[in-house]
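Q:
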Amino acid sequence: SEAFYRAEDSSAVPSYSGSGDLAYVIYTSGTTGKPKGVMLEHYSLCNRVLYMISYSNITSSDFHLFKTNVIFDVSFGEIFTHLCVGAGLQITRSIFDMDELNGLLLSKKFTSVHLVPSQYELVSTTIKTIHLEKIYFSGEALIPRILSDIDKNVTVYNYYGPTELGEITVFRPLEPSAASVIGKVFPNCRQYVLDANYTPVPVGVSGELYIGGAGLSRGYLNREELTAERFIANPFSTEADKAKGYTRLYKTGDLVRWLSDGNLEYLGRNDDQVKIRGYRIELGEVEHALSGVPGIRQSCVVCRERVTEGGTIKYLVGYYVPESGVLEQEVILSYLSGVLPEYMIPSTLTAVEYFPLTVNGKLDKRALPDADLGTSGEDYVAPETALELTVCKIWEELLGVERIGLTDDFFRIGGNSILAIKVISQVKKRLSADLTIKELFLNTTIKLLSILIQTKINTGEYLYNLKKERVFTAKELHETTPSQAWRYLEYKSGACHSMNAIIQKEMTNVDEGALAMAVDTLVARHESLRTVFLDRKIEKTKLFTLLYKGNTEVLQKIYPEDYFRPNLSLIDICKQKDKKDRIKSIIDKMYKYLFDFQKEQSFKCVLVKYTKRKYIFIFIIDHIIYDAHSLKIIESELFSIYNAYCSGLPNPLKALKLQFKDYANYHNEQLRGKRLFYHYYYFTKLFKEIPPRLKINSIGSFEKDILIDKNVTKPENFVITELLERRGYIFMVPSEILEQILEVISGLKISLFNFLLTAYCVFLSKISDQDDFIIDTPVTTRNNEDFSKIVGMLTGVLISRVKVDPEKSFTDLLFSCRTIITEAMDHVFFQNFTLALDANKDREDVSIKWDQVLSAQLNIVEESNLEVEKFESYHYSSAYAYSYINFNMRIVKNGILIDCTYKTEAINPLDISKICEGFITVLKTSINSPSIKLKTWNEIY
1 SEAFYRAEDS SAVPSYSGSG DLAYVIYTSG TTGKPKGVML EHYSLCNRVL
51 YMISYSNITS SDFHLFKTNV IFDVSFGEIF THLCVGAGLQ ITRSIFDMDE
101 LNGLLLSKKF TSVHLVPSQY ELVSTTIKTI HLEKIYFSGE ALIPRILSDI
151 DKNVTVYNYY GPTELGEITV FRPLEPSAAS VIGKVFPNCR QYVLDANYTP
201 VPVGVSGELY IGGAGLSRGY LNREELTAER FIANPFSTEA DKAKGYTRLY
251 KTGDLVRWLS DGNLEYLGRN DDQVKIRGYR IELGEVEHAL SGVPGIRQSC
301 VVCRERVTEG GTIKYLVGYY VPESGVLEQE VILSYLSGVL PEYMIPSTLT
351 AVEYFPLTVN GKLDKRALPD ADLGTSGEDY VAPETALELT VCKIWEELLG
401 VERIGLTDDF FRIGGNSILA IKVISQVKKR LSADLTIKEL FLNTTIKLLS
451 ILIQTKINTG EYLYNLKKER VFTAKELHET TPSQAWRYLE YKSGACHSMN
501 AIIQKEMTNV DEGALAMAVD TLVARHESLR TVFLDRKIEK TKLFTLLYKG
551 NTEVLQKIYP EDYFRPNLSL IDICKQKDKK DRIKSIIDKM YKYLFDFQKE
601 QSFKCVLVKY TKRKYIFIFI IDHIIYDAHS LKIIESELFS IYNAYCSGLP
651 NPLKALKLQF KDYANYHNEQ LRGKRLFYHY YYFTKLFKEI PPRLKINSIG
701 SFEKDILIDK NVTKPENFVI TELLERRGYI FMVPSEILEQ ILEVISGLKI
751 SLFNFLLTAY CVFLSKISDQ DDFIIDTPVT TRNNEDFSKI VGMLTGVLIS
801 RVKVDPEKSF TDLLFSCRTI ITEAMDHVFF QNFTLALDAN KDREDVSIKW
851 DQVLSAQLNI VEESNLEVEK FESYHYSSAY AYSYINFNMR IVKNGILIDC
901 TYKTEAINPL DISKICEGFI TVLKTSINSP SIKLKTWNEI Y
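The sequence shown begins at 1 in UniProt numbering and counts up one residue at a time.
1. Among the residues of its own chain, which have a CB less than 7 Å from the CB of residue 514, if the five just before and after it don't count?
2. Could you tell me if residue 566 is buried or exposed, where buried requires 16 or more neighbouring beta carbons within 10 angstroms of its beta carbon?
3. Classify residue 408 as helix, strand or coil using the three-state DSSP reduction.
4. Could you tell me the boundaries of the beta strand (DSSP E) in which residue 605 lies?
5. According to DSSP, is residue 703 helix, strand or coil?
6. With a Cβ-Cβ cutoff of 8 Å, do residue 172 and residue 192 count as a contact?
7. Would DSSP call residue 593 helix, strand or coil?
8. List the endpoints of the continuous alpha helix (DSSP H) containing residue 288.
9. Quick one: any contact between the stretch 172-192 and the stretch 222-230, if contact means 3 or more CB pairs under 8 Å?
10. Run the CB neighbour count on residue 916, radius 10 Å, all protein chains shown included, and call it buried at 16 or more, exposed below.
11. Less than 8 Å separating the beta-carbons of residue 404 and residue 433?
12. Taking only runs that begin and end inside the stretch 43-103, name each unbroken alpha helix (DSSP H) of 4 or more residues, in chain order.
13. If we call anything under 8 Å between Cβ atoms a contact, is residue 212 one with residue 48?
14. What are the residues that DSSP puts in a beta bridge with residue 137?
15. Around the C-beta of residue 569, are 16 or more other C-beta atoms found within 10 angstroms, so that it is buried, or is it exposed?
16. Contact defined as beta carbons within less than 8 Å: I believe residue 319 pairs with residue 352. What is the distance between those atoms, to the nearest angstrom?
17. Cutting at 7 Å between CB atoms, please list the residues of its own chain near residue 370, excluding the five before and the five after it.
18. Under a three-way DSSP split, which group does residue 400 fall into?
19. Going by beta-carbon coordinates alone, are residue 731 and residue 891 separated by less than 8 Å?
20. So residue 510 and residue 615 are in contact, right, with Cβ under 8 Å, and what is the actual spacing, rounded?
21. Going by beta-carbon coordinates alone, are residue 206 and residue 283 separated by less than 8 Å?
22. So for residue 320, helix, strand or coil by DSSP?
23. How is residue 824 classed by DSSP in three states: helix, strand or coil?
24. Taking the alpha-carbon positions, what's the residue 119 to residue 299 distance?
25. Which class does residue 390 belong to by DSSP, given the choice of helix, strand or coil?
26. Compare the beta carbon distance of residue 529 and residue 555 with 8 Å and say whether it is the shorter of the two.
27. Roughly how many angstroms separate the alpha carbons of residue 597 and residue 904, rounded to a whole number?
28. Looking only at C-alpha atoms, which of 524, 762, 638 sits nearest to residue 817?
29. Give me the DSSP bridge partner(s) of residue 776.
30. Can you tell me the Cα-Cα spacing of residue 630 and residue 608, whole angstroms?
31. Among the candidates 447, 380, 344, whose CA atom is the shortest distance from the CA of residue 390?
32. Going by beta carbon distance, what residues of the same chain come within less than 6 Å of residue 252, once the five residues before and after it are set aside?
33. Could I get the ranges of all uninterrupted alpha helix (DSSP H) runs contained in the stretch 547-572, with 4 residues as the minimum, in chain order?
34. What residue from 89, 80, 74 has the CA that sits closest to residue 61's CA?
35. Can you tell me which residues form a DSSP beta bridge with residue 501?
36. Tell me whether residue 677 is buried or exposed, calling it buried when 16 or more other Cβ atoms sit within 10 Å of its Cβ.
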């Protein structure tokens, strides 16, 4: 038959295909769940086939074992590189039958084979016994251990290329350390390593790989939008490139970096980056470490998700193929702990006989077996005592893990700070033992925590059963917290100023009756919203003096649910012409309103109707009955109730188990007996020597006043409290700096608060030439699950005494601050700092006031769901400023939003923007030069 065709005249056969015509459409493996048809042209295929023949020295004497699935793009290179030179191809019957593959390798004298690294593990024993000349790898990252395993006489070719390009780079690694090097692109192709702003990165810096030129496909068949997203215009095209049609780039999604010799090193996938417990993790780094464990042939690490009471959590699962048998987990964990930080160690490890592969021969991560958290098999240590069983039960319920053993680590099996608070709450509820966050962080296994709890139960130390509030002679009178007492006495003295927060919401087509009922229901639900305050003189005792100044006791009186109804006022301004001015006037008046704590509720609620269909809902509340979490509760519950009433449904919320009066009792229990003296002596020691009052260096003058933009639009939900006629300046730390900070703290295993407090103190040292600071930070004390549902001021104060040593580095100061924070967390309930100051009688000025000692305030709130768009810094007046300078930080999606409030007697308003820019400079320097001495830092403005 061949002779028959040779006899025919081929000149009569027309040539229909040109270099720009479509050669084939091949579908990707569809890891996203929706396969994409990639269109490759003849020129692309010819360009790479001809270069591969030349580079790999393929001749007619080659005999290649072809076992690649033809739906895999690599198959085209294998087929045509060998057939074009007359080389032999042995096609296997199956692409998955490893017995057939091993049998063929042993029975015939092949010169070459193409393998995915995952497949090599299945034929490695056979390959060592035969005499291959070449092994081609592609499809997955090559690992050093495979290179070490291959005979030095075998030439290894490491090809790289996504389906959208085919093979596009090649490298011959000579040493195992070069396994991740993928080489240079083929001739007629273009390569760029760019950052997120499409700017080329320097040698050694990670960036995303973009490729263009002759190898580029047309795009995705019938997927125009996806094609436009992944294939972008090439901003670097030369005139010569444009003449050849090289005007597009493909966004590979692969992270690489330039090496000094001009080759590219593969670092991993963009989508292989995951965030665990706030830390950014590259899965490839964990896999590399796991593969380095003696006795492990191959490894894979995936990120899983699980829903718990603390929300959806992510955790790492490590899979491995052992060389023989199953390794002991402790051996693996011991090795990993020596090369990886704790947060990068997989929460669970699973041994498998082999890794499942896709039809293209790549590792199929979706087919890996499910891996349960917690220990299993021989590693599982069952709880024995009733107490251990109870603690295990608490963990299992909160973490959503079926079986937890005595040696399981709380954080490795998915625990976080939110769940830690819930654990403490449940331990208190079920075992009547009072734990602290610090104690749980130091005793992270069931065994250690059970020993600690048993010790507390045996000694009775710090044992506290949550009770209802203690009853006064008059039944309607109840305790207040020291913070509330301070706020009330400030009002009583006539020195009280507005400390209101506001909830403001645009609404349309409001059911006014349903909203009024919803507000009344909310007030009935939360006793704080129907509370007034009063005081009475009592005989002073030693304990009372430690808590309060003078001999005045402040109490709260709670009125019946319907006493203040209606709680919503309606203002109709539909017929008024100057509606915007009228609305602004209403909001300003409410915002600055001073409540009479003895006679009225400490909130006001107004619905302003300004057109037939449009309304503005305004809710203001004084700090005496709210904290930041309370605002979220009020808004969430109010509109849940309102939506139900609009639909004709009953109140959907369950009744509260506890009210603020119960919290006040709990709070004050932490300040009674031995505990009070424990806190008191801590602060007298802390304040034995006090730093000088903060004096901020001037960099400007008072020649003119700063412009206050009254019409500036504040970010949505950004609440600014108000106390004195002082000034404020709101600015933003950009997202790229926040991302860098998160990377730094992930490596050092410290908290974001730790980092920002340290940076804040360095900042203060730079603007004041002082080195000793007392920083005040409000913190939540909602350490009971029922407290999380209460409206009120459930806060404590974290006092950090930080000394900035210019001879130390920023990193040194970070770890010093971590110790300071840990110690201070035990004393957040005590707030009578003036008394602690007065206790040091040997000081000349024993009447010094707390606001003279306090260097600055720092408040940090995480608002991960809030994104601030098109933000511009702005000034405002009437700001809360207890100390000379205060930073109220909000960690949002795209940066850190900072409300800087300050006193004009200390800071010139003309200077404040430069001063705040100085804080950003401190952040940048702390990221880029964390190890140099602080005294060598440049000036920050």
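In this text, a Cβ means the ideal position worked out from N, Cα and C, and glycines have one as well.
A: According to the structure shown:
1. Within the sequence shown, the letter at position 514 stands for residue 514. Excluding sequence neighbours, residue 514 sits near 642, 645, 646.
2. If you number the sequence shown from 1, residue 566 lands on position 566. Residue 566 comes out exposed.
3. Position 408 of the sequence shown, counted from the start, is the residue given in the question as residue 408. Of the three classes helix, strand and coil, the one that applies to residue 408 here is coil, per DSSP.
4. Here the question's residue 605 lines up with position 605 in the sequence shown. From DSSP, the beta strand (DSSP E) with residue 605 extends over 603-609.
5. On the sequence shown, residue 703 is found 703 positions in, with the first residue counted as 1. The pLDDT assigned to residue 703 is 37, lower than 50, so where the model puts this residue is not dependable, and the model offers no usable value.
6. For the purposes of this step, residue 172 is taken as the residue at position 172 of the sequence shown. For the purposes of this step, residue 192 is taken as the residue at position 192 of the sequence shown. Not in contact: residue 172 and residue 192 (Cβ atoms no closer than 8 Å).
7. Mapped onto the sequence shown, residue 593 falls at position 593. Secondary structure at residue 593: coil, using DSSP grouped into helix, strand and coil.
8. Here residue 288 refers to the residue found at position 288 of the sequence shown. Per DSSP, residue 288 is one residue of the alpha helix (DSSP H) stretching across 283-291.
9. With the cut-off at 8 Å, the stretch 172-192 and the stretch 222-230 do not touch.
10. Counting from 1 along the sequence shown, the entry for residue 916 is found at position 916. Residue 916 counts as buried, since at least 16 other C-beta atoms from the protein chains shown sit within 10 angstroms of its C-beta.
11. Within the sequence shown, the letter at position 404 stands for residue 404. Within the sequence shown, the letter at position 433 stands for residue 433. Residue 433 sits away from residue 404, with the two beta carbons spaced by 8 Å or more.
12. Annotation note: the stretch 43-103 contains the following uninterrupted alpha helix (DSSP H) runs of length 4 or greater, listed N- to C-terminal: 74-83.
13. For the purposes of this step, residue 212 is identified with residue 212 of the sequence shown, where counting begins at 1. For the purposes of this step, residue 48 is identified with residue 48 of the sequence shown, where counting begins at 1. In this structure, residue 48 does not lie closer than 8 Å to residue 212 by Cβ.
14. Here residue 137 corresponds to residue number 137 of the sequence shown, with the count starting at 1. Per DSSP, 115, 158.
15. Numbered from its first residue, the sequence shown carries residue 569 at position 569. With fewer than 16 other CB atoms across the displayed protein chains lying within 10 angstroms of its CB, residue 569 is exposed.
16. Residue 319 sits at position 319 when you count from the first residue of the sequence shown. Residue 352 sits at position 352 when you count from the first residue of the sequence shown. Confirmed, about 6 Å.
17. Here residue 370 corresponds to residue number 370 of the sequence shown, with the count starting at 1. No residues qualify anywhere along the chain.
18. Counted from its first residue, the sequence shown places residue 400 at position 400. Assigned with DSSP and collapsed to three states, residue 400 falls in coil, not helix or strand.
19. Position 731 of the sequence shown, counted from the start, is the residue given in the question as residue 731. Position 891 of the sequence shown, counted from the start, is the residue given in the question as residue 891. Result no, Cβ atoms of residue 731 and residue 891 do not sit closer than 8 Å.
20. As a working note, residue 510 is residue 510 in the sequence shown. As a working note, residue 615 is residue 615 in the sequence shown. A Cβ-Cβ separation of about 5 Å places residue 510 in contact with residue 615 under the 8 Å criterion.
21. Locating residue 206 in the sequence shown gives position 206, where the first residue counts as 1. Locating residue 283 in the sequence shown gives position 283, where the first residue counts as 1. It is not a contact, given that the beta carbons lie outside the stated cut-off.
22. Along the sequence shown, read from residue 1 onward, the residue named residue 320 stands at position 320. If DSSP states are grouped into helix, strand and coil, residue 320 belongs with the strands.
23. The residue labelled residue 824 in the question sits at position 824 within the sequence shown. Of the three classes helix, strand and coil, the one that applies to residue 824 here is helix, per DSSP.
24. For the purposes of this step, residue 119 is identified with residue 119 of the sequence shown, where counting begins at 1. For the purposes of this step, residue 299 is identified with residue 299 of the sequence shown, where counting begins at 1. C-alpha separation (whole angstroms): 13 Å.
25. Residue 390 sits at position 390 when you count from the first residue of the sequence shown. Helix, per DSSP.
26. If you number the sequence shown from 1, residue 529 lands on position 529. If you number the sequence shown from 1, residue 555 lands on position 555. No, they are not a contact pair.
27. Translated into positions along the sequence shown, residue 597 becomes position 597. Translated into positions along the sequence shown, residue 904 becomes position 904. For residue 597 and residue 904, the gap between their C-alpha atoms comes out near 30 Å.
28. The sequence position of residue 817 within the sequence shown is 817, counting from 1. If we check each option's Cα against that of residue 817, 762 comes out closest.
29. Numbered from 1 along the sequence shown, position 776 holds the residue referred to as residue 776. Beta-bridge pairing links residue 776 to 799, 857.
30. On the sequence shown, position 630 is the one that residue 630 refers to. On the sequence shown, position 608 is the one that residue 608 refers to. So the two alpha carbons sit approximately 23 Å from each other.
31. Here residue 390 refers to the residue found at position 390 of the sequence shown. Comparing alpha carbon positions, the residue from 447, 380, 344 closest to residue 390 is 447.
32. Reading the sequence shown from its first residue, position 252 is the one you call residue 252. Within the same chain, residue 252 has close Cβ partners 162, 209.
33. Runs of the alpha helix (DSSP H) inside the stretch 547-572: none found.
34. To locate residue 61, count along the sequence shown from 1; it is residue 61. Considering only 89, 80, 74, the residue with the shortest C-alpha distance to residue 61 is 89.
35. Taking the first residue of the sequence shown as position 1, residue 501 is located at position 501. Beta-bridge pairing links residue 501 to 621.
36. Residue 677 sits at position 677 when you count from the first residue of the sequence shown. Exposed, since its Cβ has fewer than 16 Cβ neighbours within 10 Å.
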